[in-house]
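Going by mature numbering (1 follows the signal peptide of the UniProt record, and there is no 0), the letters in the sequence shown line up with residues -26 to -1, 1 to 200, in that order.
Every residue gets a Cβ at the ideal spot worked out from N, C-alpha and C, and that includes glycine.
It should be emphasised that the depicted structure is a prediction, and the values quoted were computed from it without experimental measurement.
This report refers to the structure that appears directly beneath it.
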Amino acid sequence: MKTLLKAGAALMLGAATIAAPSFALAQDNVGSVNSVQDKRGYDALDAAQKSEYDAWPAENQTFYTGWPSDYQSEFWTYPADYRTSYWGWPADYRTAYWAWPSDSRTSYWTWPSDYQSYYWALTPEQQSAWWALSPEQRGQITAMTPEQQLAAWDSINAQITATQAAETKTIMASSTTVEATPAARTGEYPICGGAIQDSCIQPREAGKNYGNVPLDYWPGKPASSM
């Protein structure tokens, strides 16, 4: 059994680098009113769609009218059996579904039914990692025994954690402030005087007839010793 567990974990770790995706939050909103006047988007439906809508329970109608218009439009692109499956989900499934990117929503319906059932049985952490797997990796993990799957998920989550830590370290390093070295001065230095006492030239050295007279010997030593 230990050999099988290690084989299952190694199978996943030997695959391509896995990075956890991030999804925005969305809500399967429930409104407080569902009158004819409040049926947002209802008038845009064709006769067949209106007939299907009218047959839904009031709760489903309220959910539908709470969606953004692009969700409503997308929903009607699904085959009838997909729409029926959707309404059979618990509310938290429906909320999670609209939080996925549109390509993930499209991808979901292409999965075999056992993949779909397996996905909803995963923990939130495992569901997030599932989206980073390739179709081949998903097939491998669903073919494992439950014990092998647990070992594989531990390996997958460890790889994702390591990847995220490396990315965070890179971001922190790139955002570190580095004090710039002042550029070398080009052009003439200003004449010393007043508030200007640094990075300047003495007036007499600049050919001016004022300012301190430079000594031609070191103080305390006779000029003959210079």
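The three-state reading of DSSP puts residue 113 in helix, counting H, G and I together. When only Cα atoms are considered, residue 75 and residue 82 end up about 11 Å apart.
Rounded to whole angstroms, the separation of the alpha carbons of residue 40 and residue 84 is 26 Å. Here residue 180 has 165 as same chain residues with Cβ atoms under 8 Å from its own Cβ, once five neighbours each way along the sequence are excluded.
Counting only runs of 4+ residues, the alpha helix (DSSP H) found wholly inside the stretch 51 to 127 occupies 54 to 61, 65 to 73, 76 to 82, 87 to 95, 98 to 104 and 109 to 116, in chain order. If you draw a 10 Å sphere on the C-beta of residue 94, you find fewer than 16 other C-beta atoms in it, and that means exposed.
Contact annotation, residue 72 with residue 45: C-beta distance approximately 6 Å; criterion of less than 8 Å satisfied. Take residue 38, set aside five residues on each side of it, and no residue of its chain has a beta-carbon closer than 6 Å to its own. Each residue's CA atom was taken as its position, placing residue 80 and residue 89 some 14 Å apart. Around the beta carbon of residue 171, a 10 Å sphere encloses fewer than 16 other beta carbons of the protein chains shown; the residue is thus reported as exposed. Take the alpha-carbon of residue 57 and the one of residue 48: they are about 11 Å apart.
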